[in-house]
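Chains as they are written, first to last, in the numbering used here: chain A, 11 to 368; chain B, -16 to 265. To keep things clear, I will list the structure first and then write my remarks on it.
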Amino acid sequence: MRFLFKTDYRQDLRLFKHGGQVFWYGALLLALAAAPWLLPDYWVSQLIFVCIYAIAGIGLMVLVGFTGQVSLGHAAFLAMGAYTEAYLQSHGWPFVLSLAFSALVAGATGIIVGLPALRVKGMYLAIATLAFGFIVEEGVARAESLTGGNAGKMLGSLEVFGLPIDSDQRFYYLVLFFLVLVVLGVMNLLRSPTGRAFVAIRDSEISAQSMGINLARYKTTAFALSAAIAGIAGALYAHKIRFLSPDQFTFLQSIELLMILVIGGVGSIYGAIFGAAFWIVVQQLIVLAKDWLPPAIGQQTGLQPTVFGLILVAFVLFEPMGLYGRWLKIRTFFQLFPFYRKGLFRRQKSYMKSERLK
Amino acid sequence: MKPLLTANHLSVQFGGLKAVNNVSFEVWPNEVFSLIGPNGAGKTTIFNLISGLYRPSAGFVTFEGEKISHLAPYEIARLGIARTFQNIELFEHATVLQNLLVGRHCHRHTGWWQDLLFTPRVRQTELQFRRTVEEVIEFLELQHYRDSMVAGLPYGVRKVVELGRALAMRPKLLLLDEPSSGLNVEETEDMGFWIEDIKHDLGITVIMVEHDMGLVSRVSDRVFALNQGEELALGTASEVQSHPAVIEAYLGGTEDDGPPPSPRPAGGGDGGPPPGGGSEHV
């Protein structure tokens, strides 16, 4: 086990707490950078999806995991980002500008969707965001002059600063860059007053406001940031798929994003990334397994949703902290070996919260 | 000298229930002002009126001469009014340090875009915040729990962390809602020392709701007794304790007018008030 001897408050502000972390994250980054050379093209393509889903997942995590607000309409923010990007690109905007603007448009939409969050909570907020998801889905299908409607919209080839991004390898680096950027941004947020205010709102609104936190402002900020990050993911998704149609941004997509968080572990950035990776890998495994299974099972239409449903149920029952929680347990097991005991992560029963002020 | 806080003919009604009825008092700078009364007397309601969680149906509160009853809770907090809650309201899934740092929130002057980039200015304020918070940690002897998650802490420590979070705000006025409830004798004793130090060393005015008369008489300069939302008595702890109306509220009216018994046993313990004699009476 490692014991940190702290001698300076600045140590607690560091993103990497000790040399070991620098080493391992450096190694991880190297491995990710080397991946396109080591992996077959197909898996590089899947890795791109992992990155895109991870970005979208982190966006949703800011809202659900850190601020404690629900959103069942996050696919709509992806759609806003994706279609804005497609539209601007067809009008000749350079990538960097159009991506920033896509994030901006999605973020602005997030503010509008966040408005009901100032009044309603929990289930009612979920329904409000759900309704918003349907409105966007329907709006995209109807606004044919902008989005191509149900016939879909094609995207041209991508160029960044004059460099054509014509292969999955190059696009992978681009996506990886944005994933790292988003992770760093959210980590910064979490070690600063804004992130603490989010967490405060999640844990107790009543005392958050008594500490001087303007609930309306921070909830709106959380919605805007979350939507903007989802917008970036949407824009990248548009370039990966190169063809957009309204049925890519349905209610199911929003649910998938939430499932990614639950499977990965709500409340940490790791959770979103682990969840995204798990999601894509299992999807591929199901595709592979289809050939091996007897046709009566393998060719069933609802195979994939069923498997994911079962996985979700299993996680809720056996590992509510998600993959990240499992990872923590395994790591602690080895750190403390042989002193790890089973109840180490079990939370003691929480004390009563004020009922009067709810 | 001007009063720091005044309540002027404060009333609040929930449906047909008058929780607070025409209550007025003044709190002077650097005093410990206690609110006592049986359960349901309206003590916590007065706290919620001061900190803006409830709006008064009549009357108003002033702080440093300004009316504050129309302000939102976060605006009132920014004026320098901090509070704790009867049933601890900490941020459970955060460390003690993070909880205390939230207490510094009012004093931030960076926007979220600066936080996103963690600019040098954010770093600077974070370090300042940390120094202030460490002073509070030292004051309340919380060093041992600095990096523990609140969710895993015993009740007594949580109580202290909540006090610390309020102190981290460096408020002018501190509202303590039953600081000793759920604490054992020794912890109550410590709480008493801290409240005295908060008054003398930090120069913070304290309004306190408390049932433990031992603690109340030890630290309070003045005591305000309430029953059923109305004022019963105001004065020093011993004056209020021997006031006939207070005795009646706590013990119920006596047929024979014998010598009034002491209304509450002085001393520690975590006993609540006697079973709401007052509310059954009348």
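Heads up, the beta-carbon is just placed ideally off N, CA and C, and yes, glycines get one too. Since the structure is predicted, the reported quantities are computational estimates derived from the model, not experimental observations.
If you reduce the DSSP assignment to three classes, tell me which class residue i lands in.
i: Lys27/A; result: coil
i: Phe349/A; result: coil
i: Val80/A; result: coil
i: Leu(-13)/B; result: coil
i: Pro256/B; result: For Pro256/B, the predicted structure reports a pLDDT of 45, less than 50, and the residue's modelled location is therefore unreliable. A value from the coordinates is still provided. If DSSP states are grouped into helix, strand and coil, Pro256/B belongs with coil.
i: Arg205/B; result: strand
i: Arg252/A; result: coil
i: Asp240/B; result: Any reading at Asp240/B must be qualified, since the residue scores a pLDDT of 49, below 50, and its modelled position is unreliable; the value itself is stated next. In this structure, Asp240/B counts as coil in the three-state DSSP scheme.
i: Phe13/A; result: coil
i: Asp160/B; result: strand
i: Pro103/B; result: helix
i: Met132/B; result: strand
i: Ser364/A; result: Note that Ser364/A has pLDDT 48, beneath the 50 cutoff, so the model's placement of it is unreliable and the number below is only indicative. Reduced to three states, the DSSP call for Ser364/A is coil.
i: Met152/B; result: coil
i: Asn167/B; result: coil
i: Leu146/B; result: helix
i: Gly63/B; result: coil
i: Thr115/B; result: helix
i: Glu124/B; result: coil
i: Leu18/B; result: strand
i: Ser7/B; result: strand
i: Val189/B; result: strand
i: Asn82/B; result: helix
i: Gly274/A; result: helix
i: Gly23/B; result: coil
i: Glu72/B; result: coil
i: Phe259/A; result: coil
i: Gly139/B; result: helix
i: Asn13/B; result: coil
i: Ala77/B; result: coil
i: Tyr100/A; result: Correcting the residue type first, residue 100/A is Ser in the shown sequence and not Tyr. Ser100/A: helix per DSSP, three-state reduction.
i: Gly235/B; result: coil
Since I believe residue j is in contact with residue i (beta carbons under 8 Å), could you give me their beta-carbon distance rounded to a whole number of angstroms?
i: Ser217/A; j: Phe68/B; result: 6 Å
i: Val10/B; j: Leu(-13)/B; result: 5 Å
i: Gly86/B; j: Arg129/B; result: No, Gly86/B and Arg129/B are not in contact; Cβ-Cβ is about 14 Å, not under 8 Å.
i: Val276/A; j: Gly75/A; result: 5 Å
i: Tyr233/B; j: Pro21/B; result: 6 Å
i: Gly285/A; j: Ile273/A; result: 5 Å
i: Ser17/B; j: Asn4/B; result: The Cβ separation is near 20 Å, so there is no contact.
i: Lys250/A; j: Ile62/A; result: 6 Å
i: Ile290/A; j: Gln56/A; result: 5 Å
Do residue i and residue j have their CB atoms nearer than 8 Å?
i: Leu225/A; j: Gly143/A; result: no
i: Phe188/A; j: Ile223/A; result: no
i: Pro56/B; j: Gln219/A; result: yes
i: Leu271/A; j: Gly91/A; result: no
i: Gly218/B; j: Val206/B; result: yes
i: Val116/B; j: Ala151/B; result: yes
i: Val229/B; j: Ala208/B; result: yes
i: Gln81/B; j: Arg227/A; result: no
i: Gly132/A; j: Thr230/A; result: no
i: Ala238/A; j: Ala64/A; result: no
i: Val54/A; j: Ala45/A; result: yes
i: Ile71/B; j: Lys142/B; result: yes
i: Val196/A; j: Val72/A; result: yes
i: Gly162/A; j: Leu254/A; result: yes
i: Ala287/A; j: Val80/A; result: no
i: Leu156/B; j: Ile19/B; result: no
i: Leu109/A; j: Glu95/A; result: yes
i: Gly212/B; j: Ala24/B; result: yes
i: Ser200/B; j: Ser221/B; result: yes
i: Val193/A; j: Leu246/A; result: no
i: Ala85/A; j: Ser264/A; result: yes
i: Leu146/B; j: Leu110/B; result: no
Which residues does DSSP pair with residue i in a beta bridge?
i: Lys1/B; result: Gln(-4)/B
i: Gly218/B; result: Val206/B
i: Glu58/B; result: Answer is none; Glu58/B lacks a bridge partner.
i: Glu213/B; result: Asn210/B
Show which residues of chain E have a CB atom less than 9 Å away from the CB atom of residue i.
i: Val209/A; result: In summary, chain E is missing from the structure at hand, where the protein chains are A and B.
What residue ranges within the stretch 26 to 51 of chain B form continuous alpha helix (DSSP H) runs of no fewer than 4 residues, ordered along the chain? 26 to 33
Scan the stretch 286 to 361 of chain A and note each continuous alpha helix (DSSP H) run of 4 residues or more that stays entirely inside, going in chain order. 305 to 308, 313 to 328, 332 to 346
Ignoring anything shorter than 4 residues or poking outside the stretch 206 to 236 of chain A, list the alpha helix (DSSP H) runs there in chain order. 215 to 220
Which runs of the alpha helix (DSSP H) at least 4 residues long sit entirely within the stretch 117 to 195 of chain A? Give them in chain order. 132 to 152, 154 to 157
Whole alpha helix (DSSP H) runs in the stretch 30 to 90 of chain A with 4 or more residues, listed along the chain? 51 to 71
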